[in-house]
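Here is the structure we will look at, set down as structure tokens.
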Amino acid sequence: MENIKTFKQYAIFQTGGKQYQAIPGKTIAVEKLDGNDGDKIEFTEVLFRKTEDGKFEFGKPFIEGAKLTASIVKQTKGPKVIVFRHKRRKKQRTKKGHRQPATVIRIESI
Numbered sequence: 256m257e258n259i260k261t262f263k264q265y266a267i268f269q270t271g272g273k274q275y276q277a278i279p280g281k282t283i284a285v286e287k288l289d290g291n292d293g294d295k296i297e298f299t300e301v302l303f304r305k306t307e308d309g310k311f312e313f314g315k316p317f318i319e320g321a322k323l324t325a326s327i328v329k330q331t332k333g334p335k336v337i338v339f340r341h342k343r344r345k346k347q348r349t350k351k352g353h354r355q356p357a358t359v360i361r362i363e364s365i
């Protein structure tokens, strides 16, 4: 992982109940978002931001007026998770698989 201090600007934003680090040009897989490949999306729930001149901004909880733009690279699914349930001595077994939908985005600007 790169050292955060080396980047001129970065931010921490929230989507889908999780927080992600945003660096211009970085590709991130987030919770499923509506849209097609190539669509532009904006995130307004920015928690922290470092500007190009080295200043830090902290939100309470979000920075007012801050937005982050990104483009959708692709819609995909995460790794398969197997759920296996059984009751001993009863011959009762259930095996299910689940793949969580995800959206891969590329950060354009902060």
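Residue numbers (my numbering): 256 to 365.
Glycine included, each C-beta is placed from N, C-alpha and C at the ideal position.
- DSSP, read as helix, strand or coil, puts residue 261 in helix.
- With 16 or more other Cβ atoms from the protein chains shown falling within 10 Å of its own Cβ, residue 301 counts as buried.
- Taking a C-beta distance under 8 Å as the contact criterion, residue 297 and residue 326 do not qualify as a contact pair.
- In the three-state scheme derived from DSSP, where H, G and I count as helix and E and B as strand, residue 361 is classed as strand.
- Pairing residue 357 with residue 277 gives a Cβ-Cβ distance that is not under 8 Å.
- According to the DSSP secondary-structure assignment, residue 352 is paired through a beta bridge with 337.
- For residue 360, the closest alpha carbon among the candidates 265, 272, 290 is that of 290.
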